[in-house]
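Residue numbers (our numbering): 3 to 304. Following: one structure in structure tokens, then a few remarks.
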Ligand SMILES: Cc1cc2nc3c(=O)[nH]c(=O)nc-3n(C[C@H](O)[C@H](O)[C@H](O)COP(=O)(O)OP(=O)(O)OC[C@H]3O[C@@H](n4cnc5c(N)ncnc54)[C@H](O)[C@@H]3O)c2cc1C
């Protein structure tokens, strides 16, 4: 087991529905019009076909940004097909118990092939516990995880979701359509986290659209604005592929080696969940970490 304790907070447990409501209010204050209970059906040039409160309707859009999640219909309309193997299947519930709110636990095991299980405390009494796996039978894997970790929670239909796991997509602009967020694989392949990446991609999309209207710049410039984010997301993908090349037994052996090399202390000072390029470079420059050189070299070559 590796235990990393940072002096400053590095993450927040948020009320996700509350965050979405707050962002929606900000968008409305900035002039956005929000249609609830409205489902995208098709896009043809500037015509957007939707089903609104059970009835078909036609909307007009000069530019359409598909922020419609991992199963994005906009992405399909752009002619891009994704396969099941490009997603991890996640299952998460709230569990009641006795937790240390300053520690998030991450577990590797047969229940979470090519990903991990987690328990993220909301407070001393409640935590969010889940797994993500590349296997199809997420529910039975989740039950195994809950039994092994002695966790108890209520299962629900909405508890399961897909997480895109792959490099960030490059073909995210076609005609007047753009993709963003999970629809564009703007997720960290290491952890599945996509909120911060999507916010940064949103800033890039905003700049692109502004320049399109004000300076007649092409929408393809979106990719240029995304370069710093893509550098990090591609590294996350490289780390994910590297981790997936190890069996559980090999991961255990690597953790023993990491512990001996003082990785816990190193991560306490330099770890960064969002910018892995920062700590990979620092690791190479740190003589204490040279014990991990064979792994580092294998990683660089992967
Ligand atoms: C179990 C789990 C835990 C996670 N934990 C974290 C975490 O700790 N930190 C983090 O950063 N990220 C986390 N993520 C990832 C994060 O939730 C996503 O990256 C993020 O929600 C992506 O936002 P999005 O707006 O792109 O897509 P979504 O949040 O999926 O939103 C897409 C929206 O589009 C709507 N939609 C879809 N199709 C249509 C259609 N045809 N017409 C109209 N609307 C449509 C959907 O209803 C939905 O409201 C987690 C994901 C899972 C599954």
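No residue lacks a Cβ here, since even glycine has one placed at the ideal position from N, Cα and C. As the structure is a prediction and not an experimental result, all values here were calculated from the model.
Near ligand 1: residue 183 beta-carbon under 7 Å from a heavy atom: yes
For residue 54, which residues does DSSP report across the bridge? 40, 57
So residue 191 and residue 238 are supposed to be a Cβ contact under 8 Å. How far apart are they, rounded? 5 Å
Pick helix, strand or coil for residue 117, following the three-state DSSP scheme. DSSP places residue 117 in coil when its eight states are reduced to three.
Inter-residue Cα distance where the pair is residue 70 and residue 90: Taking the straight line from one Cα to the other gives about 17 Å.
Taking 7 Å as the line, does the beta carbon of residue 132 fall inside it for any heavy atom of ligand 1? It does: the Cβ of residue 132 is within 7 Å (strictly closer) of some heavy atom of ligand 1.
Any 3 or more C-beta pairs closer than 8 Å across the region 125 to 132 and the region 46 to 66: no
Proximity below 8 Å, CB of residue 133 to CB of residue 155: no
How many angstroms separate the CA atom of residue 63 from the CA atom of residue 178? So the alpha carbons of these two residues sit roughly 9 Å apart.
With a threshold of 7 Å (Cβ to nearest heavy atom), would residue 29 be considered close to ligand 1? no
Excluding sequence positions up to five away, which residues of its chain have a Cβ less than 6 Å from the Cβ of residue 168? 88, 187
Can you check which of these residues, 189, 249, 151, is closest to residue 233 by C-alpha distance? The option with the nearest alpha carbon to residue 233 is 189.
Please name the residue in 172, 36, 276, 131 whose C-alpha comes closest to that of residue 162. 131
Through-space distance from residue 117 to residue 92, alpha-carbon basis: 10 Å
Cβ pair residue 72, residue 198 closer than 8 Å: no
When 78, 4, 293, 275 are compared against residue 193, the one with the closest alpha-carbon: Relative to the Cα of residue 193, the nearest Cα in the group 78, 4, 293, 275 belongs to 275.
So, helix, strand or coil for residue 82, using DSSP? It is coil, neither helix nor strand.
With H, G and I counted as helix, E and B as strand and the rest as coil, what does DSSP make of residue 278? helix
Under 7 Å from any heavy atom of ligand 1, does the C-beta of residue 75 make it? Within the cutoff, so yes.
Between residue 40 and ligand 1, is the CB less than 7 Å from at least one heavy atom? Yes, Cβ of residue 40 sits closer than 7 Å to a heavy atom of ligand 1.
Cut-off 6 Å between Cβ atoms - residues of its own chain near residue 121, not counting five sequence neighbours on either side: 107, 129, 131
Does ligand 1 have even one heavy atom less than 7 Å from the beta-carbon of residue 168? no
Any idea what DSSP makes of residue 148, helix, strand or coil? Three-state result, residue 148: helix.
On a CA-only basis, which of 44, 36, 104 is nearest residue 13? Give me that one, please. 104
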